[in-house]
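Residue numbers (this note's numbering), protein chains in the order written: chain A, 13 to 65; chain B, 1321 to 1666; chain C, 1321 to 1666. We put the CB at the ideal spot given by N, CA and C, even for glycine.
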Amino acid sequence: MAVCPECEAEIELKEAIKGEIVQCPDCGVELEVVSVNPVELAPAPEEEEDWGE
Amino acid sequence: MKVSIVGGSGYAGGESLRLLLGHPKVTLGQVTSESNAGKYVHSVHPNLRKRTDLKFVSALDLEPCEVLFVALPHGSSMKRMPEFLSVAERVIDLGADFRLRDPADYPKWYGAPHARPDLLGQAVYGIPELHREAIKSARIITGAGCNATTTILGLLPLFKHGLADPSRVVVEVKVGSSEAGAKASDSSHHPERSHAVRSFQPTMHRHTAEVMQELTFGGQTPKVYFSATAVELVRGILATCHVFLKDNLAEKDIWRVYRQEYGQEPFLRIVKDRTGIYRYPEPKILAGSNFCDVGFERDEGSDRLVVMAALDNLMKGAAGNGVQAMNVACGFEETLGLEFLGLHPI
Amino acid sequence: MKVSIVGGSGYAGGESLRLLLGHPKVTLGQVTSESNAGKYVHSVHPNLRKRTDLKFVSALDLEPCEVLFVALPHGSSMKRMPEFLSVAERVIDLGADFRLRDPADYPKWYGAPHARPDLLGQAVYGIPELHREAIKSARIITGAGCNATTTILGLLPLFKHGLADPSRVVVEVKVGSSEAGAKASDSSHHPERSHAVRSFQPTMHRHTAEVMQELTFGGQTPKVYFSATAVELVRGILATCHVFLKDNLAEKDIWRVYRQEYGQEPFLRIVKDRTGIYRYPEPKILAGSNFCDVGFERDEGSDRLVVMAALDNLMKGAAGNGVQAMNVACGFEETLGLEFLGLHPI
């Protein structure tokens, strides 16, 4: 069980692979698996797209 | 279980009727409407066509039932509550007549003393997320103001944990046209109401009393400054609340508090999403559902936290909440009859 | 019963997902989307938040299931049908690829020959009110065009009983913006699409083939002249059909024919009301429901009969009809999972 660095949601990860990109179920941020055993997640580099008005 | 409705021709009464017709544990008793007595309910509620041949009856012909939904104009149920209590084991009053616990609040906020202060003690403020236990043994379960419900559910975790300054709470609700009810008026005339962004109550007070009552924790009552703006919606409310944090909390801390309070609640969703079109709570996709969505954003340069909350004023803001409270009071699964998820796109 | 969806990120796929999640007999299998594989379904369909943590998968990982809903862009399911048939006992294809029975119709109407004419024989046009028996044994159940469905259900009783002149049928459909699907375009840009009353296809042909195919009775095929106008709606279609009666029938006679054909149909309602606001079929109160409402009015001075029909293009016009066909094919109660009555007011 890993924790989202942005919102602390618990993220279930079956056999996570280093470098894999996962999405946080609560805040939707894209996360990169930076290490395994224990699994650690860091915000994946994302291009800043505009949203809204 | 037999359930009847007093005041079934309005929007809240009609929505209650729609939900109760689809509720597996409910046998529908009577639906009263003085002006429409003898008419088919579907003549007023067209979505009920081919679903029921029920006719409105007069309230004089009300027969005993387990639960009685009351959806009457302001001031009516106050006088007639004893009559309703004689007919039903439990009364779910969607109106405003029994919402405030302190009799002194009625002249102060509604301009007239309460007609039956003796009954106030039996009434429980009917939002299950706030008073689940008390609702289980209550004979009078009150509805809650739709704007108040939105604001209370948006801010509850912050005041329950004493995180926000109670002296500076500014709330602006954007509301749809169904909130004013089924009665037509000059200002609801389509050419006048359509595409309105209308500041119809910049310094609104009506719902403040409930919000202050329900957000009082540890003897501290927050001062809430309300504003209401009509927007291009029929159903739906978006409350934008500005609160000021006592400590310099990060968004992670806010997530923790909201998850702690709302994580297990079937109808409360924390909506704060980095991707997609609907990143913060938005009323239109909640139409017909019993959800209240809550989101927030920290204002980096200051101690301000903006909290956004949305719901359907006829569902979680009225009839849906009533059915949810009935489920709690009668020991049913709380989501029974309230499974509809809302539509997208709409 | 395990049901999967191919093409789950579009509006029809998303609506199918919403309905199947709420269907008591269905265990949801997989939902595929090439562009969104790995993402939560609720990131594309926000109304599914807190209801499911399912993620989109690629169609390459499709596992066997009893029923497979297919909601792909035009032309895709034609080529991949054998692959789908190898995975599922029954395929419900909401797209247009197998709707026309005669292979010669495809080059004529869609401008290209059918990729798998050999499979056309296994496909049944999936409107239960038209082909209930055939659907029970079909392996490929096709969806129907939403405009075609509205028109067919509006006019069926007249042509089945040979009451209308087949050479003069004029139909104008007023449509909402969700009909064009989830992909944004210049013309769907809000400032351009909002408040439009846009004659985007005055001489529309696309759905004519289906309508003529399904309204052929006694070897007589009506000639249908279509027109489509975009109006201020997201969901919903109103078809206004002008037909000319062979005999001078009174409205009473028309009631009899429609009641004879539709009286026992759970999803078809004859809506012709002397009172109330919603006297003839109106799409907005059908949003989210599987109803098709049909009404009519005799033009006193001539042999013209105006027939009006309304439905939700994503429900009875697509996903709802698909679930209804699934219920028929699998022997379930036809209304299972389709009980939502629509909202009023909305």
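Can you give the Cα-Cα distance for residue i and residue j, rounded to whole angstroms?
i         : j         : result
B/Gly1621 : C/Val1387 : 54 Å
B/Ser1457 : B/Arg1410 : 9 Å
B/Leu1658 : A/Asn49   : 42 Å
C/Val1544 : C/Val1531 : 8 Å
C/Ala1432 : C/Leu1405 : 23 Å
C/Pro1511 : C/Ser1547 : 24 Å
B/Gly1446 : B/Pro1586 : 16 Å
B/Met1635 : B/Glu1335 : 7 Å
B/Leu1538 : B/Val1648 : Here the sequence assigns Gly to residue 1538 of chain B, which means Leu is not the residue at that position. Between B/Gly1538 and B/Val1648, the C-alpha separation is close to 26 Å.
B/Leu1606 : B/Cys1612 : 8 Å
B/Ala1484 : B/His1525 : 21 Å
C/Ala1424 : C/Leu1414 : 21 Å
C/Ser1355 : C/Val1377 : 9 Å
C/Gly1327 : B/Gln1521 : 46 Å
C/Ile1590 : B/Ile1461 : 39 Å
C/Arg1286 : C/Ile1574 : Because residue 1286 of chain C is not part of the residues shown, which for chain C are 1321 to 1666, the question remains open.
C/Ala1559 : C/Arg1488 : 16 Å
B/Gln1580 : B/Leu1450 : 14 Å
B/Glu1654 : B/Pro1344 : 13 Å
C/Asp1438 : C/Arg1518 : 40 Å
B/Thr1528 : B/Lys1503 : 24 Å
In the DSSP assignment, what residue or residues form a beta bridge with residue i?
i         : result
C/Gln1540 : C/Phe1537
C/Ser1324 : C/Leu1388
C/His1562 : C/Val1490 and C/Val1626
B/Cys1612 : B/Leu1588 and B/Leu1631
A/Pro17   : DSSP output for A/Pro17 lists no bridge partner at all.
B/Tyr1360 : B/Lys1375
B/Leu1483 : B/Leu1483 pairs with nothing; no bridge assigned.
C/Phe1546 : C/Val1491 and C/Met1524
B/Thr1595 : None, per the DSSP bridge assignment.
A/Gln35   : A/Glu42
Quick check: is the beta carbon of residue i nearer than 8 Å to any beta carbon in chain A?
i         : result
C/Asp1381 : no
C/Tyr1430 : no
C/Lys1359 : yes
B/Gly1474 : no
C/Ser1378 : no
C/Gly1373 : A quick correction: the sequence has Asp, not Gly, at residue 1373 of chain C. Yes, C/Asp1373 lies at the interface with chain A (some Cβ there is under 8 Å from its Cβ).
C/Ser1363 : yes
B/Lys1572 : yes
Given a cut-off of 8 Å, decide if residue j and residue i are closer than it, judged by their beta-carbon atoms.
i         : j         : result
C/Ala1639 : C/Leu1339 : yes
B/Leu1588 : B/Val1563 : no
B/Ile1412 : B/Val1493 : no
C/Leu1535 : C/Phe1479 : yes
C/His1481 : C/Val1551 : no
A/Glu42   : A/Leu53   : no
B/Asp1381 : B/Met1398 : no
C/Gln1644 : C/Pro1486 : no
B/Val1554 : B/Gly1637 : no
B/Asn1633 : C/Gly1662 : no
B/Thr1372 : B/His1362 : yes
B/Leu1337 : B/His1365 : yes
B/Asn1681 : B/Thr1469 : Only positions 1321 to 1666 of chain B appear in the structure, and residue 1681 of chain B is not among them; the question remains open.
Does residue i have its Cβ less than 8 Å from a Cβ in chain C?
i         : result
A/Gly40   : yes
A/Pro55   : no
B/Val1591 : yes
B/Tyr1598 : yes
B/Gly1608 : yes
B/Gly1657 : no
B/Ser1498 : yes
Can you find a CB in chain B that lies within less than 8 Å of the CB of residue i?
i         : result
C/Thr1470 : no
A/Glu52   : no
C/His1509 : no
C/Val1346 : no
C/Phe1616 : no
A/Glu18   : yes
Across the region 1469–1478 of chain B and the region 1625–1637 of chain B, are there enough close Cβ pairs to call them in contact, namely three or more that are closer than 8 Å?
Contact holds: three or more Cβ-Cβ distances are below 8 Å.
Are at least three pairs of beta-carbons, each pair with one atom in the region 1382–1401 of chain B and one in the region 1322–1342 of chain B, less than 8 Å apart?
The region 1382–1401 of chain B, when compared against the region 1322–1342 of chain B, does touch it at the 8 Å Cβ threshold.
Using 8 Å as the cut-off, can you tell me whether the region 1351–1366 of chain C makes contact with the region 34–42 of chain A, which would need three or more C-beta pairs spanning the two stretches below that distance?
Counting Cβ pairs under 8 Å, three or more are found: they touch.
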